[in-house]
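**Student:** Below are the structure tokens for one structure; questions will follow.
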Amino acid sequence: MKSVIPNIIFLLLTLTGCGKRLKEQVSVSAQVNQLLEFSLDSYTSQSQSVISTSQSISMSKDLLYDKYTLKDVYPYGDTVRTIKWQAIRKCLFFIDNVDLSSSRWCILQNYKNLNTEAPLVKTFVRNEYSRISDTLGVERYQSVPLYIQSDTITPVRYGRDGTLCRYIKHKGDFCMIRPLTDTEDWLVPERYIKMLKKTPDLNHVIFVDRGNQNIATLERISKAEWKIRSVNPATTGRHAPPYAQETPLGTYLLQQKKEKMYFLKDGSMEMGGYAPYASRFTNGAYIHGVPVNAPATKMIEYSWSLGTVPRSHMCVRNATSHSKFIFDWAPLENSLVVVIE
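The sequence shown begins at 742 in this note's numbering and counts up by one.
Structure below.
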């Protein structure tokens, strides 16, 4: 199993979108026909006995939220977009093969640097936002320092807030941990670790696709059997220094919920408004409903911008009723948010 896990995660996080512009001479209807092979029904496996390959994972639609539901393949402008069921299936295969009972589990946490700013890593860069990051692009702000066992003076990398980890043991003032989607053990100062009171079951998974601007929720019914609970348009974070950032790729544990997440206007301390039914998974990234800009106070159900292009500051915007569905449906510290592209 160890040999396939890195390949699964690498594919999951680097898979390019099927919704990119195709040759101009191909009509939208022809593109849709070409991509029908990606339809969920065309490759759903009926085998549920042994999880030997990703094709052993059963996924079927049993919607608990049925507004604004996207088809598996749908037109967008002069091209098409898809729900990346193949990538989703590979991730579910990985989750189903994780032995959760064999370890204690914890989360990396440093929201708003509340556990103190992480030290400088050995090799760092300053990005377009004038912020320090490691060479993998993970920013110092709100992150956790990761040390190798032979050097507990200077960290090598930063770990993202919200990362689910196996707890291995204490070593002095450090905890030895292994992130869920990593193959290496790291030492982390104890103050950045939150031990989970119970083993997460990870039966609720939310997939956010930055490339195609959609979101899907799935719930595990039994081993290798998953039900699709919703498939909706979404709007992720955009790259627009100095304030707006992309929603970070990765796998995170759902950490916090706020019925109203208040935000400030860019570059000021003035109240900008609130985002309804916000569920935080990493740093300041929330899954939330359509923002309500001050001085307005009434919730907005839907926005024309959902499912188009990245427009958010890092968060994942949804229809407000869909964000409330996630808010009610996904249990804290027991649900995964997976951001793919």
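Built from N, CA and C at the ideal position, the CB exists for glycine as well. Only a predicted model underlies this, so the values are computations on that prediction, with no experimental measurement involved.
Is Glu931 helix, strand or coil by DSSP?
**Tutor:** helix
**Student:** Tell me the rounded alpha-carbon separation between Glu1063 and Lys912.
**Tutor:** Contrary to the premise, residue 1063 reads as His rather than Glu in this sequence. Rounded to whole angstroms, His1063 to Lys912 spans 44 Å at the Cα level.
**Student:** To the nearest angstrom, how far is the alpha carbon of Met1010 from that of Pro1036?
**Tutor:** Approximately 15 Å between the Cα atoms of the pair.
**Student:** When DSSP labels each residue in this structure, what does Leu995 get in the three-state scheme?
**Tutor:** coil
**Student:** Who are the Cβ neighbours of Ile824 in its own chain at under 7 Å, not counting the five residues just before and after it?
**Tutor:** Leu811, Asp813, Asn955, Ala957 and Val972
**Student:** With a cut-off of 8 Å on the beta carbons, I'd call Pro989 and Val885 a contact; round off their distance for me.
**Tutor:** So it is not a contact: roughly 14 Å between Cβ atoms.
**Student:** Consult DSSP for Trp1045 and reduce its assignment to one of helix, strand or coil.
**Tutor:** coil
**Student:** Does Ala771 pass the burial test, meaning 16 or more other C-beta atoms within 10 Å, or should it be called exposed?
**Tutor:** Residue confidence is low: Ala771 scores 48 on pLDDT, short of 50, so the model does not pin down where it sits. Its coordinate-derived value is still stated next. Counting Cβ neighbours within 10 Å, Ala771 comes out exposed, since fewer than 16 surround it.
**Student:** From what residue to what residue does the beta strand (DSSP E) around Ile848 run?
**Tutor:** Arg845 to Leu849
**Student:** To the nearest angstrom, how far is the alpha carbon of Phe779 from that of Pro983?
**Tutor:** Its pLDDT being 42, under 50, Phe779 is placed unreliably in this model, and the coordinates cannot settle the point.
**Student:** Nearest by alpha-carbon distance to Ser844: which of Lys1006, Gln827 and Arg919 is it?
**Tutor:** Of the listed residues, the one whose Cα sits closest to Ser844 is Arg919.
**Student:** Does the distance from the CB of Ala1071 to the CB of Leu995 come in under 8 Å?
**Tutor:** yes
**Student:** Give the DSSP-derived three-state secondary structure of Leu833 in the structure shown.
**Tutor:** helix
**Student:** Just grab the DSSP bridge partners of Cys916 for me.
**Tutor:** Per DSSP, His911 and Val929.
**Student:** So who's on the other strand from Phe865, going by DSSP bridges?
**Tutor:** Phe865 is bridged to Asp875.
**Student:** Within a Cβ cutoff of 7 Å, which residues of the same chain sit near Arg830, ignoring the five residues on either side of it in sequence?
**Tutor:** Ser795, Ile798 and Met800
**Student:** Under a three-way DSSP split, which group does Asp942 fall into?
**Tutor:** coil
**Student:** Does the separation of the CB atoms of Ile962 and Leu849 fall below 8 Å?
**Tutor:** no
**Student:** Using a Cβ-Cβ cut-off of 6 Å (strictly less than) and excluding sequence neighbours within five positions of Gly1048, which residues of its own chain qualify?
**Tutor:** Gln954 and Pro974
**Student:** Do Ser969 and Leu833 have their C-beta atoms within less than 8 Å of each other?
**Tutor:** A small fix is needed here, since residue 969 is Ile in this sequence, not Ser. Not in contact: Ile969 and Leu833 (Cβ atoms no closer than 8 Å).
**Student:** Per DSSP, which one or two residues make a beta bridge with Lys812?
**Tutor:** Note: Lys812 sits in no beta bridge, so no partner.
**Student:** Taking buried to mean at least 16 other C-beta atoms within 10 Å of its own C-beta, is Gly878 buried or exposed?
**Tutor:** exposed
**Student:** Under 8 Å between the Cβ atoms of Val897 and Phe915?
**Tutor:** no
**Student:** Which residue from Arg901, Thr895 and Leu921 puts its Cα closest to that of Phe1022?
**Tutor:** Arg901
**Student:** Bridge partners for Ser799 per DSSP, in chain order?
**Tutor:** Glu966
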